[in-house]
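Student:
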Amino acid sequence: MYSSVVRLQNTFGYFTTVVFAVAAVIAFSDLFSPRTPSVGVLKATNVQVVRGRPHYYSSKKEEYAIIKFSLDADLSSLFTWNTKQLFVYVTAEWPSAGGSSGSGQNATNQAVIWDSIITAPSSDHLANLGPVAMKKLRRSAEGKSIDPSRGKLTLKNQRPKYQITHPSGKLAEQDDVVLRLHYNVQPWVGLLTWNQDVDLWNWKTLRNNLSKKFTLPAIKKKKATEEKKAGK
Numbered sequence: 137m138y139s140s141v142v143r144l145q146n147t148f149g150y151f152t153t154v155v156f157a158v159a160a161v162i163a164f165s166d167l168f169s170p171r172t173p174s175v176g177v178l179k180a181t182n183v184q185v186v187r188g189r190p191h192y193y194s195s196k197k198e199e200y201a202i203i204k205f206s207l208d209a210d211l212s213s214l215f216t217w218n219t220k221q222l223f224v225y226v227t228a229e230w231p232s233a234g235g236s237s238g239s240g241q242n243a244t245n246q247a248v249i250w251d252s253i254i255t256a257p258s259s260d261h262l263a264n265l266g267p268v269a270m271k272k273l274r275r276s277a278e279g280k281s282i283d284p285s286r287g288k289l290t291l292k293n294q295r296p297k298y299q300i301t302h303p304s305g306k307l308a309e310q311d312d313v314v315l316r317l318h319y320n321v322q323p324w325v326g327l328l329t330w331n332q333d334v335d336l337w338n339w340k341t342l343r344n345n346l347s348k349k350f351t352l353p354a355i356k357k358k359k360a361t362e363e364k365k366a367g368k
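All letters in the sequence shown, in the order written, are residues 137 to 368 by our numbering.
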């Protein structure tokens, strides 16, 4: 009963219990930190629909959309002493033509056009950055557990990282397209949290994260373009 193996097991069990209790307290402490993310501007600035191969590995030509956008958002309140990094992304959404889900509501297409990972000062070493940018990050975060400038996004006429495609191969003249900003908080300890639908005590919903509706333009036909040039 009092062998070395039993004592080792008891010590390890007590240690893991203490670690779990401390981790639970750290995760619970996040609820006391206010989260008040806000969006000032989110709008499409330039929209094009092109017919071609959207990727080098594409086997056929199809219609794809290129959406430039402007974004002004303050997500700095999402960074606490327990925040490891913040994943931010923008999606384009539009209703399916004649499609509906089992609940009777219109199905919605959703595609990511841009994303970014913003690390906290305590996890800057995980960022995939060059030496110059990393040196600036470390200098700005020196002596700080939380950097108040982290999470403040100001993008003007930002080029998308990804083009939009559709299984049907058709996108031109699509109506009711909107841009939506999302975030995902990844803590050192605790559960992953996403932009929530309702207020939860100190955690507020991300408001104004939806742009105004716009329409994807038609593709300019080559023949019409040539006729215009000939007319001139």
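Backbone N, C-alpha and C define an ideal beta-carbon position, used for all residues, glycine too.
Remember, predicted model here, so these are calculated numbers, not experimental data.
Look at Glu199 and Ala269 and say whether their C-beta atoms are less than 8 Å apart.
Tutor: Start at 1 with the first residue of the sequence shown, and residue 199 comes out as number 63. Start at 1 with the first residue of the sequence shown, and residue 269 comes out as number 133. Not a contact, by the Cβ cut-off of 8 Å.
Student: Would Ser195 be called buried (16 or more neighbouring beta carbons within 10 Å of its own) or exposed?
Tutor: In the sequence shown, residue 195 corresponds to position 59, counting from 1. Burial call: exposed.
Student: Nearest-angstrom Cα distance between Gly188 and Ala354?
Tutor: Position 52 of the sequence shown, counted from the first residue, corresponds to residue 188. Position 218 of the sequence shown, counted from the first residue, corresponds to residue 354. Approximately 14 Å between the Cα atoms of the pair.
Student: By how many angstroms is the C-alpha of Lys271 removed from the C-alpha of Lys358?
Tutor: Within the sequence shown, the letter at position 222 stands for residue 358. Within the sequence shown, the letter at position 135 stands for residue 271. With a pLDDT of 49 at Lys358, under the threshold of 50, the modelled position of this residue cannot be trusted; read the value that follows with caution. Lys358 and Lys271: Cα-Cα distance of roughly 50 Å.
Student: Quick one: measure Cβ to Cβ for Ile282 and Trp339, integer angstroms, because I've assumed they're closer than 8 Å.
Tutor: Here residue 282 refers to the residue found at position 146 of the sequence shown. Here residue 339 refers to the residue found at position 203 of the sequence shown. Not quite, the Cβ-Cβ distance comes to about 17 Å (not below 8 Å), so this is no contact.
Student: Which residue marks the beginning of the beta strand (DSSP E) containing Thr290, and which one marks its end?
Tutor: Residue mapping note: residue 290 aligns to position 154 of the sequence shown, counting from 1. It spans Lys288 to Gln294 - the beta strand (DSSP E) in which Thr290 sits, taken as one unbroken run.
Student: Ser212 and Lys292: beta carbons closer than 8 Å?
Tutor: Looking up residue 212 in the sequence shown gives position 76. Looking up residue 292 in the sequence shown gives position 156. Taking 8 Å as the Cβ cut-off, Ser212 and Lys292 do not qualify as a contacting pair.
Student: Closest by CA to Ile162, which one among Thr341, Thr147 and Thr219?
Tutor: For the purposes of this step, residue 162 is taken as the residue at position 26 of the sequence shown. Residue Thr219 is the option with its Cα nearest to Ile162.
Student: How long is the line joining the alpha carbons of Ser259 and Thr244, rounded to whole angstroms?
Tutor: On the sequence shown, residue 259 is found 123 positions in, with the first residue counted as 1. On the sequence shown, residue 244 is found 108 positions in, with the first residue counted as 1. Each residue's alpha carbon lies about 36 Å from the other.
Student: Hey, how far is the Cα of Val224 from the Cα of Ala157?
Tutor: Position 88 of the sequence shown holds residue 224. Position 21 of the sequence shown holds residue 157. Whole-angstrom Cα-Cα distance: 30 Å.
Student: In the DSSP assignment, find the unbroken alpha helix (DSSP H) run with Lys179 in it and report its ends.
Tutor: Here residue 179 corresponds to residue number 43 of the sequence shown, with the count starting at 1. Where Lys179 is concerned, there is no enclosing alpha helix (DSSP H), although the beta strand (DSSP E) it sits in stretches over Ser174 to Gly188.
Student: Opposite Tyr225 in the DSSP bridges: which residues?
Tutor: Mapped onto the sequence shown, residue 225 falls at position 89. Its beta-bridge partners are Asp251 and His318.
Student: Can you find at least 3 beta carbon pairs, one from the segment 140 to 154 and one from the segment 310 to 320, that sit closer than 8 Å?
Tutor: The answer is no - the segment 310 to 320 does not touch the segment 140 to 154, with fewer than three Cβ pairs under 8 Å.
Student: Taking Gly287 and Ile253 to be in contact with their CB atoms under 8 Å, please state how far apart those CB atoms are, rounded to whole angstroms.
Tutor: Working through the sequence shown from its first residue, we reach residue 287 at position 151. Working through the sequence shown from its first residue, we reach residue 253 at position 117. Contact doesn't hold; Cβ gap of about 12 Å is too wide.
Student: Out of Leu342, Gln294 and Gly326, which has the shortest C-alpha to C-alpha gap to Thr181?
Tutor: As a working mapping, residue 181 is identified with position 45 in the sequence shown. Of the listed residues, the one whose Cα sits closest to Thr181 is Gln294.
Student: Can you list, in chain order, the residues of its chain whose CB lies under 6 Å from that of Asn331, leaving out five sequence neighbours each side?
Tutor: One-based indexing of the sequence shown puts residue 331 at position 195. If we look at Asn331 and ignore the five residues flanking it on each side, its Cβ neighbours are His318, Tyr319 and Leu342.
Student: When you compare each of Gln299, Pro231 and Phe215 to Tyr192 by their alpha carbons, which one comes out closest?
Tutor: Position 56 of the sequence shown, counted from the first residue, corresponds to residue 192. The shortest Cα separation from Tyr192 among Gln299, Pro231 and Phe215 belongs to Gln299.
Student: By the three-class DSSP mapping on this structure, what secondary structure does Phe215 have?
Tutor: The count along the sequence shown starts at 1 and reaches residue 215 at position 79. Coil, per DSSP.
Student: Quick check on the DSSP output: the beta strand (DSSP E) that includes Ser206 runs from which residue to which?
Tutor: Here residue 206 is taken as the residue at index 70 of the sequence shown, counted from 1. That run of the beta strand (DSSP E) goes Glu198 to Asp210.
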